[in-house]
Amino acid sequence: MLTPSIDTWIRRSLKALTLWGYGWKRRKQRDSVSYRIEWQDPCTGQWHGEKNAVRLLKSHVLADYNQAARRRSRDYHSYF
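Take 1 as the starting number for the sequence shown in full-length UniProt numbering and just add one per residue.
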């Protein structure tokens, strides 16, 4: 089994690559002690934390998939 640090690193890397692949932009928001990673939504231009960014991306992708599925279903039923 993977150690927690390697597991965490792999999960964060996969999230970052997925968001980056869909056109999201990354920035580090620094404060006096630490920093926070934020992602910019390419559709709205708003900045979100990593967890919310992944949720929004998932909802956008599923909405696009549902629209395509409805179109395919409508085209299929027009033949019969």
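Cβ coordinates follow ideal geometry from the N, Cα and C atoms, glycine included.
Here G23 carries a coil assignment [DSSP, helix/strand/coil]. By the criterion of a C-beta distance shorter than 7 Å, D7 is surrounded by no residue of its chain, once the five residues flanking it on both sides are discounted. By the neighbour-count definition (other C-beta atoms within 10 Å, threshold 16), A53 is a buried residue. Sixteen is the threshold: when 16 or more other Cβ atoms of the shown chains lie within 10 Å of the Cβ of W24, as they do, the residue is buried. In this structure, L19 places its C-beta atom within 8 Å of the C-beta atom of W39.
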